[in-house]
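Protein chains: 2
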Amino acid sequence: MTPTVRSSASSGRIRSAAYASKVMSAADAVKFIQSNDTVAISGFASAGTPKVIIPALADRIRQVRGTGANFTINLLTGASVSPDTERALAEIDGIGLRMPYQSEATARKKINEGRMDYVDIHLSHVAQQVWTGYYGTVDVAVVEVSGVTEMGELVPSASIGNNKTWLDVAKKVILEVNSWVPEGVEGMHDVYYGTALPPNRKPIPLTRVQDRIGQPTFRVDPDKVVAVVETNHRDQASALTPPDEVSEAIAGHVLDFFDYEVRNGRLPADTLLPLQAGIGNVANAVLGGLDRGSYKGLTCYSEVIQDSMLRLIKDGTVAHASSTALALSEAGIEELNANIDFYRNHITLRPQEISNHPEVVRRLGVIAMNGMLEADIYGNVNSTHVMGTKIMNGIGGSGDFARNGYVSMFLSPSTAKGGAISSIVPMTPHVDHTEHDSQVLVTEHGLADLRGLSPRRRARLIIDKCAHPEYRPMLHDYFTRAESLPGAGHTPHILGEAFSFHQRFRETGSMRL
Amino acid sequence: MTPTVRSSASSGRIRSAAYASKVMSAADAVKFIQSNDTVAISGFASAGTPKVIIPALADRIRQVRGTGANFTINLLTGASVSPDTERALAEIDGIGLRMPYQSEATARKKINEGRMDYVDIHLSHVAQQVWTGYYGTVDVAVVEVSGVTEMGELVPSASIGNNKTWLDVAKKVILEVNSWVPEGVEGMHDVYYGTALPPNRKPIPLTRVQDRIGQPTFRVDPDKVVAVVETNHRDQASALTPPDEVSEAIAGHVLDFFDYEVRNGRLPADTLLPLQAGIGNVANAVLGGLDRGSYKGLTCYSEVIQDSMLRLIKDGTVAHASSTALALSEAGIEELNANIDFYRNHITLRPQEISNHPEVVRRLGVIAMNGMLEADIYGNVNSTHVMGTKIMNGIGGSGDFARNGYVSMFLSPSTAKGGAISSIVPMTPHVDHTEHDSQVLVTEHGLADLRGLSPRRRARLIIDKCAHPEYRPMLHDYFTRAESLPGAGHTPHILGEAFSFHQRFRETGSMRL
Chain X
297 MTPTVRSSAS
307 SGRIRSAAYA
317 SKVMSAADAV
327 KFIQSNDTVA
337 ISGFASAGTP
347 KVIIPALADR
357 IRQVRGTGAN
367 FTINLLTGAS
377 VSPDTERALA
387 EIDGIGLRMP
397 YQSEATARKK
407 INEGRMDYVD
417 IHLSHVAQQV
427 WTGYYGTVDV
437 AVVEVSGVTE
447 MGELVPSASI
457 GNNKTWLDVA
467 KKVILEVNSW
477 VPEGVEGMHD
487 VYYGTALPPN
497 RKPIPLTRVQ
507 DRIGQPTFRV
517 DPDKVVAVVE
527 TNHRDQASAL
537 TPPDEVSEAI
547 AGHVLDFFDY
557 EVRNGRLPAD
567 TLLPLQAGIG
577 NVANAVLGGL
587 DRGSYKGLTC
597 YSEVIQDSML
607 RLIKDGTVAH
617 ASSTALALSE
627 AGIEELNANI
637 DFYRNHITLR
647 PQEISNHPEV
657 VRRLGVIAMN
667 GMLEADIYGN
677 VNSTHVMGTK
687 IMNGIGGSGD
697 FARNGYVSMF
707 LSPSTAKGGA
717 ISSIVPMTPH
727 VDHTEHDSQV
737 LVTEHGLADL
747 RGLSPRRRAR
757 LIIDKCAHPE
767 YRPMLHDYFT
777 RAESLPGAGH
787 TPHILGEAFS
797 FHQRFRETGS
807 MRL
Chain C
297 MTPTVRSSAS
307 SGRIRSAAYA
317 SKVMSAADAV
327 KFIQSNDTVA
337 ISGFASAGTP
347 KVIIPALADR
357 IRQVRGTGAN
367 FTINLLTGAS
377 VSPDTERALA
387 EIDGIGLRMP
397 YQSEATARKK
407 INEGRMDYVD
417 IHLSHVAQQV
427 WTGYYGTVDV
437 AVVEVSGVTE
447 MGELVPSASI
457 GNNKTWLDVA
467 KKVILEVNSW
477 VPEGVEGMHD
487 VYYGTALPPN
497 RKPIPLTRVQ
507 DRIGQPTFRV
517 DPDKVVAVVE
527 TNHRDQASAL
537 TPPDEVSEAI
547 AGHVLDFFDY
557 EVRNGRLPAD
567 TLLPLQAGIG
577 NVANAVLGGL
587 DRGSYKGLTC
597 YSEVIQDSML
607 RLIKDGTVAH
617 ASSTALALSE
627 AGIEELNANI
637 DFYRNHITLR
647 PQEISNHPEV
657 VRRLGVIAMN
667 GMLEADIYGN
677 VNSTHVMGTK
687 IMNGIGGSGD
697 FARNGYVSMF
707 LSPSTAKGGA
717 ISSIVPMTPH
727 VDHTEHDSQV
737 LVTEHGLADL
747 RGLSPRRRAR
757 LIIDKCAHPE
767 YRPMLHDYFT
777 RAESLPGAGH
787 TPHILGEAFS
797 FHQRFRETGS
807 MRL
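Chains as they are written, first to last, in this note's numbering: chain X, 297 to 809; chain C, 297 to 809.
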């Protein structure tokens with residue numbers, strides 16, 4: 297195969313002649329990808345997903361199938377990638393195995409139909425497990441970058457995710473150089489090259505959110521780079537639901553809790569400890585409420601940066617935010633790109649191995665705030681499986697932060713589907729975070745501080761503070777009857793009724809009696 | 297209150313005059329403990345439990361109650377303590393709140409009856425949570441040591457557990473100086489004084505199992521030491537069940553897996569990576585089998601050291617073992633004490649905050665091997681709750697190692713109670729380790745390597761490799777029917793039948809059909 301090589305790059309982003317000589321079309325580049333290959337691509341929460349290569353790969357898969365051959369790949373990413381990209385491969389059943397996180401409707405449907413294998417692991421575990429070989433050989437890495445330096449190093453784009461690892465371990469590398477990403481992004485990244493496999497691991501020398509412990513660019517063996525594709529495509533924007541009454545109420549409880557902790561000497565006044573918040577409008581509302589307090593110079597150590605963060609940085613509420621990706625709306629993207637020189641000094645993007653690393657999360661004392669689908673009366677949390685069986689997205693980094701954070705909070709509206717689903721249930725039919733890892737539950741109705749409480753005390757508090765009033769009598773009834781059983785035990789349950797809420801929803805469309 | 301002070305210490309273990317002047321009887325010492333106090337005591341897996349002070353406290357509680365007053369304490373420990381000690385307080389309902397682990401029948405009964413609050417948290421989280429104030433003020437620390445140096449520092453005994461933290465945070469300290477512990481133990485301990493609360497945490501500079509990063513003694517503010525009690529009592533021995541056919545078979549599968557990983561370049565030959573094994577005869581059998589291989593110079597990074605480890609150290613199979621406690625039989629204790637100068641060079645005892653620290657466990661790449669009560673067909677693990685409601689012991693350190701280890705294995709006989717209980721069930725009614733944290737399941741029938749597998753693939757493998765043959769058809773039947781439901785989802789379940797095995801056991805005494 298001799299792909300058409302253009303003699304020079306056109307965007308000016310490829311400052312190395314060796315790489316300029318490898319520029320080709322996406323259609324030619326994807327000829328380096330074969331069926332059954334494990335393909336590791338860039339992308340974390342839309343940001344930094346390759347824009348033209350994956351659609352070209354989908355075309356190639358269709359073409360090859362037209363000849364009667366089969367063609368699927370195993371797809372590894374940072375986390376979710378841009379929905380269009382995920383869909384392009386999912387809708388043609390082009391993905392055999394998917395890892396480690398997805399949030400796109402077509403892919404979700406295929407997974408739930410058993411037509412796509414999906415492996416749902418902690419985001420901090422991905423790099424090491426792939427490096428170790430748990431997922432076999434990575435045949436091809438497809439990585440979006442914003443430029444190539446004179447020395448052949450790569451300037452990342454709007455996310456890092458697992459790109460450092462993909463470039464290290466892949467046999468072949470295809471680069472997508474995106475000139476849409478502002479050049480001013482160069483210097484916003486901190487790529488740590490100190491990781492190793494045991495027994496050669498050393499401490500990660502990061503002790504403050506703003507610490508730089510690596511370099512602003514990726515290294516790559518130039519001999520592995522088989523193709524360079526130029527593009528000038530926008531990142532797909534993240535959806536942004538504005539805060540509503542419920543998310544504002546949740547945020548209010550969280551902010552009150554911070555005040556309470558400060559008053560009790562468990563959190564530093566003014567600066568608190570580094571904040572982590574998952575994606576979504578609840579997280580956005582919590583962060584958005586921070587500038588109403590007296591906080592100045594806060595820090596965030598998270599896996600994504602949402603729109604609200606830009607505002608907090610701009611008004612000085614947040615001094616520095618570290619993440620592995622940007623997850624911005626159209627307006628947020630415009631704001632960032634227009635003021636990239638300002639934001640570059642207040643935002644650090646890191647490999648997700650570092651943004652989510654248990655060592656660093658524990659050391660920094662991160663305040664972990666993650667969403668959930670439901671919690672049970674003892675504080676076990678289901679983040680992934682609707683009614684226990686259907687995957688929603690995946691665990692993502694929630695476990696990395698919840699387990700290792702200084703305080704671990706789970707936030708959710710008390711109901712879903714107009715009240716037909718209670719987020720507090722007798723028992724969750726899937727557990728992503730155990731009772732050992734959830735310390736504070738919050739809904740719009742209140743906050744349950746579970747620290748130091750035995751299961752029976754947790755149950756009463758969760759029902760009274762967090763459950764929707766409509767569901768409280770049903771939950772109290774379950775718990776009271778469970779507790780009064782002979783030999784009720786440390787964590788009383790009535791196994792035959794533990795999923796009665798879920799079964800009723802299946803049968804009647806509502807968990808209500 | 298003026299306790300009777302003996303003018304000089306008798307054992308020669310108290311080399312500081314200031315401490316010798318505080319020697320008194322246990323009965324006098326416990327007068328410093330008041331009702332509702334939070335009392336933090338030494339002890340981890342029996343080793344290093346105070347011998348005479350807690351029985352004296354039980355006497356005091358009975359005396360005070362004789363006057364019509366109530367008297368309970370909140371009891372914090374390293375993990376389990378000697379059964380006699382736990383029982384002395386539990387049988388008189390002397391414990392209001394118990395944290396973080398217990399394994400004694402009377403205490404377990406009280407907890408399951410709802411008469412003793414029990415909080416079951418990761419052992420690596422205890423020190424930081426108490427330090428932070430999640431459990432209120434620690435009023436009194438009662439710590440066994442083997443001696444007091446001229447400078448007033450304390451030589452630990454056969455466990456460290458949380459003693460460093462107890463001595464740091466308690467308002468009052470009562471020491472029990474035990475001259476039964478051989479003097480040669482001095483130097484076996486490595487007490488790290490570099491921990492801090494965020495935002496002041498620094499990397500823990502431990503990169504090899506044998507590294508010494510602290511000092512051999514505890515520091516304590518002498519003004520806080522209100523009493524010193526001398527004793528010469530033996531540690532209660534840990535029960536040791538010799539390996540049987542089942543545990544030998546499990547060990548065989550584990551050793552085969554190590555060979556497989558070495559052949560595939562995922563584990564270093566000869567030395568593997570640091571081993572962690574829980575307590576019990578299965579762990580003992582796995583470790584005991586290691587000297588049959590070609591291994592030399594292995595290391596262990598665990599929370600306890602059992603008898604088998606002494607033999608492996610003696611014959612050179614293990615070069616160094618780190619833990620927070622010894623959990624030895626009578627014979628093991630004799631062996632250790634008789635050869636303390638030899639073992640001191642091959643064993644390091646550390647605070648459990650360090651022995652179980654996620655940062656260190658992940659860095660070292662620990663091979664985590666923990667027991668379980670049961671696992672479900674998707675790899676969720678129940679380590680704590682019999683039939684979902686009755687606590688057995690607690691999660692202990694299993695989560696610290698399972699989450700952060702290089703490879704995370706759970707081991708169990710495939711059945712219990714003569715076959716009436718299957719250790720593989722459709723769904724576990726309590727989850728301590730989620731599917732995201734279990735990579736390898738092992739029973740005497742085989743080993744299921746779950747790495748990189750989606751839930752449906754995991755189910756087939758777990759049933760075929762790990763379940764007892766008698767239960768395989770029932771499990772396949774459940775899974776097949778769940779998978780064939782319309783909208784079965786990523787993780788198929790039949791919620792109305794998910795606990796059918798457990799309900800049948802409750803009703804008939806057997807999970808068998």
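Each residue gets a CB set at the ideal place from its N, CA and C atoms; glycine is no exception.
Residue i burial status per 10 Å Cβ neighbour count (16 or more: buried)
| i | result |
| --- | --- |
| X/S306 | exposed |
| C/G252 | Since the first residue shown for chain C is 297 and the last is 809, residue 252 of chain C is missing from the structure and cannot be characterised. |
| C/A581 | buried |
| X/Y597 | buried |
| X/P722 | buried |
| X/M297 | For X/M297, the predicted structure reports a pLDDT of 35, less than 50, and the residue's modelled location is therefore unreliable. A value from the coordinates is still provided. X/M297 is exposed by the Cβ-count criterion. |
| X/D416 | buried |
| C/E761 | The question names Glu, yet the displayed sequence has Lys at residue 761 of chain C. Label assigned to C/K761: buried. |
| X/R640 | buried |
| X/R411 | exposed |
| X/Y702 | buried |
| C/Y431 | buried |
| X/L781 | exposed |
| C/K592 | exposed |
Expected contact under 8 Å - CB spacing of residue i and residue j to nearest Å
| i | j | result |
| --- | --- | --- |
| X/H729 | X/A763 | Not quite, the Cβ-Cβ distance comes to about 18 Å (not below 8 Å), so this is no contact. |
| X/E779 | X/R752 | 7 Å |
| C/P518 | C/H485 | Incorrect: roughly 20 Å between the Cβ atoms, too far for contact. |
| C/E446 | C/S317 | That pair is no contact at about 14 Å. |
| X/V600 | X/A627 | Not confirmed; about 16 Å, so no contact. |
| X/E479 | X/G443 | 7 Å |
Residue i: contacting residues in chain C (beta-carbon distance under 7 Å)
| i | result |
| --- | --- |
| X/L463 | Under the 7 Å cutoff, chain C gives no residues; its nearest Cβ is about 21 Å from X/L463. |
| X/Y430 | R747, G748 |
| X/Q799 | L791, G792 |
| X/P788 | T685 |
| X/I691 | H732 |
In DSSP terms, what residue i is bridged to
| i | result |
| --- | --- |
| X/K686 | X/V682 |
| C/H854 | Chain C is shown from 297 up to 809; residue 854 of chain C falls before or after that span and cannot be answered. |
| X/A573 | X/M665 |
| C/G718 | Note that residue 718 of chain C is Ser in the sequence shown, not Gly. C/S718 pairs with C/T711. |
| X/K468 | X/V436 |
Partner residues on chain X for residue i, Cβ-Cβ distance less than 9 Å
| i | result |
| --- | --- |
| C/Y702 | Q424, T428, L493, P494 |
| C/A784 | N408, E409, G410, T685, K686 |
Partners in chain D for residue i, counting only beta-carbon separations shorter than 8 Å
| i | result |
| --- | --- |
| C/P499 | No chain D is present in this structure, whose protein chains are X and C. |
8 Å Cβ cutoff met for residue i and residue j
| i | j | result |
| --- | --- | --- |
| C/V505 | C/H653 | no |
| C/N458 | C/A403 | no |
| C/I350 | C/T381 | yes |
| X/S734 | X/F706 | yes |
| C/V727 | X/N676 | yes |
| X/E472 | X/V319 | no |
| C/A375 | C/L419 | yes |
| C/I509 | C/V436 | no |
Contacts of residue i in chain C (Cβ-Cβ under 8 Å)
| i | result |
| --- | --- |
| X/V415 | G748, L749, S750 |
| X/P564 | P495 |
| X/N676 | V727 |
Under 8 Å from the C-beta of residue i: neighbouring residues of chain X
| i | result |
| --- | --- |
| C/F795 | L791, G792, A794 |
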